[in-house]
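Chains as they are written, first to last, in our numbering: chain A, 13 to 208; chain B, 1152 to 1351.
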């Protein structure tokens, strides 16, 4: 598997970013749902910190991922893809990236507004952007929650679209992102990977 | 006659001694350090704790202090600070409610914490050290609070700043499950920033 993206498939780096993001999001949501209704306790503080650490990691990965994507364009969509589909794909991917950037930011400001700042991985002190502000903290909590629902929704759309491509349209959209080596079934299958 | 003279002399001597003693007493009173009144709106007692490595700052909204201070008479200078433990405020409701509970300040049983100086010594220009007894939840520990005094307004206003680190578990603050110092640090920094005006 090539490191960089080719015209047909994603390279190792892009795949790693993609699947790592998924794993981190599963972790983040699992922690979030178990911690949020807990009474305050040392365990809750630990879970909050883990959740924030995961969030910071997701944020960093998204930044790296976008930088990588700038220099490694995504493989082309199948020629049969309509203009509307192309626009919808670009929009939904754009929204996913946007949420993945904005959510950690709201979490970060919320942490400082609620006077529970963080030291990333227990090592790197993340500065607090604003002072303690209960109203701001409460507002951001709501925003963070609705963003999480939006993220779940768009991830759902993303998964359904991938499955539709795989099982109904029977193209390579899903296959080319699979984390293990796969054979593409498209017509250009046999053509050599084109280094970008 | 001789008896009368002797009696008169004795009276005179008594008067002199009494006079000396009286004036000496007045002099001692004059040297007593002035009282400083704390401007509560411009004063703060801050505490900084750490959870999961991150510092969270809070302060006590209510406290009172009796300060007698004269840099030229440190021997007679003193301070006594009483803090309303239920006024501990971090801006995070969950924490503020938790801090009043039995495992923390147990404010229902111990509504106040006190610091009483036992000795104030000079440590360079405008710098001092107050040795004293800190009492929280009926546990008294000797602590030394280094502080600075900046006088202004014709020496009538004093800004007193100082910082000391204490261990919360010494006083039984955050017991039980909260005793895990890996999660909530034992060390708590206490910062004082007091603005006081000369006069009662």
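The C-beta atom is built at its ideal place from N, Cα and C for all residues, glycine as well.
Item                                                                                                                                                                                                    : Value
Measuring straight from C-alpha to C-alpha, what distance separates residue 1295/B and residue 106/A?                                                                                                   : 58 angstroms
Taking residue 58/A as the query, report the chain B residues whose CB atoms sit under 7 angstroms from its CB, ordered along the chain.                                                                : 1203 and 1334
Starting from residue 176/A, trace the alpha helix (DSSP H) in both directions and tell me its first and last residue.                                                                                  : From DSSP, residue 176/A is part of no alpha helix (DSSP H); its letter is neither H nor E.
How about the segment 1320-1337 of chain B and the segment 1281-1295 of chain B: do they share at least three Cβ pairs that are nearer than 8 angstroms?                                                : yes
Would you list the residues sitting across from residue 1303/B in a DSSP beta bridge?                                                                                                                   : 1308/B
Using only CA atoms, which one of 1201/B, 1246/B and 1230/B lies nearest to residue 53/A?                                                                                                               : 1246/B
Could you tell me the distance, in whole angstroms, from the CA atom of residue 74/A to the CA atom of residue 66/A?                                                                                    : 12 angstroms
If the cut-off is 7 angstroms on Cβ atoms, which residues from the segment 53-77 of chain A count as contacting chain B, listed in chain order?                                                         : 53, 54, 57, 58 and 61
So with Cβ pairs under 7 angstroms, would you call residue 39/A a contact of chain B?                                                                                                                   : no
For residue 1305/B and residue 1185/B, I'd like the C-alpha separation in whole angstroms.                                                                                                              : 14 angstroms
Counting contacts by CB-CB distance shorter than 7 angstroms, is residue 1182/B in contact with chain A?                                                                                                : no
So, is residue 127/A buried or exposed, given that buried needs 16 or more other C-beta atoms within 10 angstroms?                                                                                      : buried
Check whether the Cβ atoms of residue 1232/B and residue 1198/B lie closer than 7 angstroms to each other.                                                                                              : no
If residue 1349/B sits next to residue 1307/B, beta carbons under 8 angstroms apart, how far is it from one beta carbon to the other, in whole angstroms?                                               : 5 angstroms
Let me know the secondary structure DSSP gives residue 1258/B once reduced to three states.                                                                                                             : coil
Is residue 1243/B close to chain A? Criterion is C-beta to C-beta, closer than 7 angstroms.                                                                                                             : yes
Does the CB of residue 1338/B have a neighbour CB from chain A at under 7 angstroms?                                                                                                                    : no
What residue range does the alpha helix (DSSP H) around residue 1247/B cover?                                                                                                                           : 1244-1251
With 9 angstroms as the C-beta to C-beta threshold (strictly closer), list the residues of the segment 1234-1258 of chain B near chain A in chain order.                                                : 1241, 1242, 1243, 1244, 1245, 1246, 1248 and 1249
Spatial neighbours of residue 166/A within its chain, please: CB distance less than 8 angstroms, with the 5 preceding and 5 following residues excluded, ordered by chain position.                     : 104, 107, 108 and 111
Give every residue of the same chain whose Cβ lies closer than 7 angstroms to the Cβ of residue 1178/B, excluding the five residues on either side of it in the sequence, and list them in chain order. : Residue confidence for residue 1178/B is low, a pLDDT of 48 falling below 50, so the modelled location carries little weight and cannot support an answer.
Excluding sequence positions up to five away, which residues of its chain have a Cβ less than 8 angstroms from the Cβ of residue 33/A?                                                                  : 70, 73, 74, 77 and 112
Which same chain residues, not among the five before or five after residue 178/A, have their C-beta less than 8 angstroms away from its C-beta?                                                         : 185, 186 and 187
Within 10 angstroms of its Cβ, does residue 1202/B collect 16 or more other Cβ (buried), or is it exposed?                                                                                              : buried
Might you give, ordered along the chain, the residues of its own chain that have their beta carbon closer than 8 angstroms to the beta carbon of residue 1248/B, omitting 5 neighbours on each side?    : none
Ignore the nearest five residues each way along the sequence and tell me which others in residue 1274/B's own chain have a CB closer than 6 angstroms to its CB.                                        : 1280
Anything in the segment 1308-1328 of chain B with a Cβ closer than 7 angstroms to a Cβ of chain A? List those residues in chain order, please.                                                          : 1328
In the DSSP assignment, what residue or residues form a beta bridge with residue 79/A?                                                                                                                  : Answer is none; residue 79/A lacks a bridge partner.
Going by beta-carbon coordinates alone, are residue 1221/B and residue 1228/B separated by less than 7 angstroms?                                                                                       : yes
In the structure shown, what three-state DSSP assignment does residue 22/A receive?                                                                                                                     : coil
Specify the secondary structure class of residue 66/A as computed by DSSP and reduced to three states.                                                                                                  : helix
Using 7 angstroms as the limit for Cβ to Cβ distance, is residue 131/A near chain B?                                                                                                                    : yes
Quick one: residues in its chain with C-beta nearer than 6 angstroms to the C-beta of residue 149/A, no 5 flanking neighbours on either side, listed in chain order?                                    : 122, 125 and 126
One question on the structure: do residue 1278/B and residue 1299/B come within less than 7 angstroms of each other, judged by their Cβ atoms?                                                          : yes
Taking all protein chains shown into account, decide if residue 157/A is buried (16 or more other Cβ within 10 angstroms of its Cβ) or exposed.                                                         : exposed
Distance check for residue 1250/B and residue 1226/B, CA to CA, integer angstroms please.                                                                                                               : 37 angstroms
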